[in-house]
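These notes concern the structure reproduced below.
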Amino acid sequence: MHIDSLAPKAAGPRGYPDRGAEASASLFEDYARSVAYDEMFGDDSRPRAAYELLYRRLEELTAEELTHRQRAADQAFLDRGITFTVYGHGDGTEKIIPYDVLPRIIAGSEWDFLERGLAQRMAALNHFLKDVYGEGRIMTDGIVPRRLVFSCKHYRREMRGVQVPHDIYISISGSDLIRLPSGEFVVLEDNVRVPSGVSYMLSNRHVMRNVFPKLFQHYRIRSVDHYPKLLLQTLQELAAPRSTDPSIVLLTPGVYNSAYFEHALLARQMGIQLVEGRDLVVHNNTVYRRTTAGLRRVEVIYRRIDDDFLDPIPFRGDSVMGVPGLFNAYRSGNVILANAIGTGIADDKALYAYVPEMIRYYLSEEPLLNNVQTYLLERDDERKYVLEHLDELVVKAVDESGGYGMLVGPHSTKAEQEEFRNRIIENPRGYIAQPTLSLSCSPCFLEGSIEPRHVDLRPFVLIGSETRLVPGALTRVALKRGSLVVNSSQGGGSKDTWVVDD
Amino acid sequence: MSRYLERGEHTARLLNVNLFGRLDQQAEGDGRRWPRVLRSLTVPIVEGQSLEPHSVVQRLSFDEDDPHSIVSSIGAARRSAREVREQISSEMWEQMNRLFLNVQRMRSMPLSDTNTYEFLQAIQQGSHLFQGITSTTMSRGEGWYFMQLGRFLERVTATVNLLDAHLRDYAGAEQLAGSPDEYLEWANLLKSCTALEAYCRVHTANILPERGASFLLLDPDFPHSVRFGVDMVRAALEALSASAPLLRSSDVHRRLGKLISALSFDLIEEIVARDVHKFLADIRTRAFEIHDAVYLSCITYPIDQALTD
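Chains as they are written, first to last, in my numbering: chain A, 25 to 526; chain B, 47 to 355.
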């Protein structure tokens, strides 16, 4: 399955020139450093402060012991049903997403900075959404080109002038961050439609505690277990002040959705109903849930269905998972959707390039977190440069996800480059290009030894009357040697992510 | 038999939750946690005894001299099962025996950080399996009601002790109000009674101390709540009284009735306003009285009294 939409990560120089980490532990014998930032070892090949204890503990362990724990963890994921169905087999084979037993550790001070940076970014994106569906000042002032906004596939003209409660369009986000060789975290892309993966943050921690309890004793790891509570609180705040104890449901596409496990887990842990489109009805612009005891009013919907499929009347008419009439109920203010409709323009990959400008424009602040350098192909000089350097750059379709519709220059053939050249010339708005970046590496336990693999980071931001993050994230790993693709659909795995007090 | 088994399961769950549940949230450290765990199991805290988690777990798992340990509880449960072996189904006996042998086998291996979790899980699952087997293979006769009585008396007492210890440690902890810590501690307490998900279904993930206490005490439907347990005790007691004249004439029915009325009609605010610890102590006393009354009227009754009846 894919945890969600995510373009494969840019590729960096391959090969592992120097043998890093004068590792005394035999487990680290094959540990070869590359130019990428290493999460565990500093430039002096000594473990970084936050990793010191983990390193020492690993020195005490044998490969057999680690293998045993790895198996226990895999079994725990299977038992808990944190699996996806392998299609095309027909025998209902269920597989788990590969899980690496070594935690990824982030120092508390570093995390606190990320938290501020993400809160700032989401605040700007919410201002932006209010603005483009309202007055459009940012376009009038010439900061963001009008055409770029209106040509976005996820722009919903139906949202023009719709009153969104508290002006919070995005209440749940999951931006993807990567760490550059300099050690700096940058935002690779924002996911502000229906980001998923948070169940892996919770489950990874749960499993980790059971298979590696001793490690926890020496660290002060910040807890993530209260995420469902914060999510619930956020959803409740959206309904305030009109309703202090609103009835909330989680709307799922159904059991065949690859993130269904996550929907069920969150609904259960929040104590709200999990519903499909057919469980809801709209009457008189009011949304009701069918129950055995009759209809029950619904005030807030945490929807895990894309805009396109929410309501067949204004959006895709062939959608069977939506709720006819939902949009009108929403427009009348009788139901709250989280996230709001139309947030997709805020994670369009071409508009992404303007986020730093949005932060300056709306908040009069300098962005705390930087973007990855992005070439916009509608600009003649940038397009010219990109077309000349297709073999070095990463090209992505602005509205695709899951690693589809992209070209990783250094790993591509001449024919693929030609194809993208034509596509870009034909539709320059549809693509962007970025330099091929080297994602940071984290030690992973793979078949008996510890080796570095590339990772990214997806923290989850909740925006209600306050902006909140639990100190933790989903770390995705490209498990193939040298690979920069962390997508679970393409051989990616995940690991527990610890934020520890410095 | 079922009382001891329930005790073993409860100890295993409590250790499990406290050992693994909050590894990453050591705000208060283990300094207060483990004394609280011991108090809630009514294990005396001996001066000089280690309160380090590993040694507490080791002791509460395998120390035969400690009547609260898992090995003692499961051993006692199996001894009782042997005494009534002809009355229970062979499936029940076999499961009890398997569980006992499993504990014995695991005893020989020192608990490491990898197998502790598996061990504690195995105890809880073994007990659940026994209950499932009992429910599908045993006639609803006298034996069944004795088992119900034992199980629920034990459970009520355990929940009461747990809540008591928790409330004592967190009494007046206003600085915690609304913090992640408060949430996580209450979530932990509910998990110790397998009640977290059931609570969330009723009250959502918004865990408030009074609601949490109310759920564990007064919820009529949840099988680990005090109210539910007392209802089951009453049902068992009524069924047993039908064939036990001494029990029928005993005063426990009246006192149990008063308790049920308090659990059914009092609001949690009223209970807290009066004195929640006294309320909990009264429940505990009732549970002991019922145990003694049943013992006296059904098992060790004086012959002369039985003859005059």
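The C-beta atom is built at its ideal place from N, Cα and C for all residues, glycine as well. Small disclaimer: the values here were computed from a predicted structure and weren't measured.
Check: Okay, do the stretch 152–168 of chain B and the stretch 230–239 of chain A touch, 3+ Cβ pairs below 8 Å being the bar?; Outcome: yes
Check: Assess, as a yes-or-no matter, whether the stretch 261–276 of chain B is touched by the stretch 277–293 of chain A under the definition of 3 or more beta carbon pairs within less than 8 Å.; Outcome: no
Check: I think Asp480(A) touches Leu212(A), with their Cβ atoms under 8 Å apart; what is that distance to the nearest whole Å?; Outcome: 7 Å
Check: Name the chain A residues that come within less than 7 Å of Glu243(B), Cβ to Cβ?; Outcome: Arg292
Check: Chain A beta carbons: is any one of them nearer than 8 Å to that of Phe165(B)?; Outcome: no
Check: Against chain B, which members of the stretch 244–258 of chain A pass a CB distance test of less than 9 Å?; Outcome: Arg244, Ile245, Arg246, Ser247, Val248, Asp249, His250, Pro252, Lys253, Leu254, Leu255, Leu256, Gln257
Check: Sort Ser436(A), Arg292(A), Ala421(A) by Cα distance to Gly429(A) and report the nearest one.; Outcome: Ala421(A)
Check: Using the rule of at least 16 other Cβ atoms within 10 Å of the residue's Cβ for burial, across every protein chain shown, is Met155(B) buried or exposed?; Outcome: exposed
Check: Taking C-alpha atoms, which residue in Leu493(A), Val231(A), Pro336(A) lies nearest to Asp98(A)?; Outcome: Val231(A)
Check: Run through chain B and tell me which residues come within less than 8 Å of Arg229(A), C-beta to C-beta.; Outcome: Asp70
Check: Measure the CB-CB distance between Leu262(A) and Gly488(A) and report whether it falls below 8 Å.; Outcome: yes
Check: Run down chain A in chain order and give the residues with a C-beta less than 7 Å from the C-beta of Leu230(B).; Outcome: Ser247, Asp249, His250
Check: If you follow the beta strand (DSSP E) that Glu118(A) is part of, which residue opens it and which one closes it?; Outcome: 118–120
Check: Please name the residues in the stretch 242–261 of chain B whose beta-carbon is closer than 8 Å to at least one beta-carbon of chain A, in chain order.; Outcome: Glu243, Tyr245, Cys246, Arg247, Val248, His249, Thr250, Ala251, Asn252, Ile253
Check: Please list the partners that Pro270(A) has in chain B, where partner means a Cβ-to-Cβ separation under 7 Å.; Outcome: Correct list: empty, because the minimum Cβ distance to chain B is about 10 Å.
Check: Tell me which same chain residues have a C-beta within less than 6 Å of the C-beta of Leu254(A), skipping the five on either side of it?; Outcome: Leu486, Arg492
Check: Would you call His178(A) buried or exposed, if buried means 16 or more other Cβ atoms sit within 10 Å of its Cβ?; Outcome: buried
Check: For Ser518(A), write down the residues that DSSP places opposite it in a beta bridge.; Outcome: Tyr123(A), Arg500(A)
Check: With hydrogens ignored, establish whether the beta-carbon of Phe274(B) is closer than 7 Å to any heavy atom of the ligand SAH.; Outcome: The ligand SAH is not part of the structure shown, which contains no ligands of any sort.
Check: Would Lys238(A) count as contacting chain E if we go by Cβ distances under 8 Å?; Outcome: Among the protein chains in the structure shown, which are A and B, there is no chain E.
Check: Name the chain B residues that come within less than 9 Å of His92(A), Cβ to Cβ?; Outcome: Thr160
Check: Rounded to whole angstroms, what's the CA-CA distance from Arg321(A) to Glu243(B)? Just pull it up for me.; Outcome: 23 Å
Check: Helix or strand or just coil, what does DSSP make of Leu51(B)?; Outcome: helix
Check: Tell me, please, which residues DSSP counts as bridged to Pro71(A).; Outcome: Phe65(A)
Check: Kindly say whether Arg233(A), judged by its beta-carbon, lies nearer than 8 Å to any beta-carbon of chain B.; Outcome: yes
Check: Please check if any C-beta of chain B sits within less than 8 Å of the C-beta of Glu46(A).; Outcome: Since pLDDT at Glu46(A) reaches only 42, below the 50 mark, its modelled position is unreliable, and the value read off the structure follows with that caveat. Output row for Glu46(A): interface = no.
Check: Give the secondary structure of Lys438(A) by DSSP, where H, G and I count as helix, E and B as strand, and everything else as coil.; Outcome: helix
Check: Buried or exposed for Val306(A), please, with buried defined as at least 16 other CB atoms from any protein chain shown within 10 angstroms of its CB.; Outcome: buried
Check: Taking Gly366(A) as the reference, which of Ile106(A), Val156(A), Glu134(A), Ala74(A) has the closest Cα?; Outcome: Val156(A)
Check: Using a Cβ-Cβ distance cut-off of 8 Å, determine whether Ile296(A) contacts chain B.; Outcome: yes
Check: State the Cα-Cα distance for the pair Val410(A) and Ala457(A), rounded to the nearest angstrom.; Outcome: 7 Å
Check: Touch check for the stretch 81–90 of chain B and the stretch 108–123 of chain B: three-plus C-beta pairs under 8 Å?; Outcome: yes
Check: Between Asn309(A) and Asn352(A), what straight-line distance do the alpha-carbon atoms span, to the nearest angstrom?; Outcome: 6 Å
Check: From this set, Tyr75(A), Glu490(A), Ala439(A), which residue's C-alpha is nearest Ile194(A)'s C-alpha?; Outcome: Glu490(A)
Check: Which residues in chain B sit within 9 Å of Ala96(A), going by Cβ to Cβ distance?; Outcome: Thr160, Tyr163, Glu164
Check: Is Ser227(A) closer than 8 Å to Arg104(A) when the C-beta atoms are compared?; Outcome: yes
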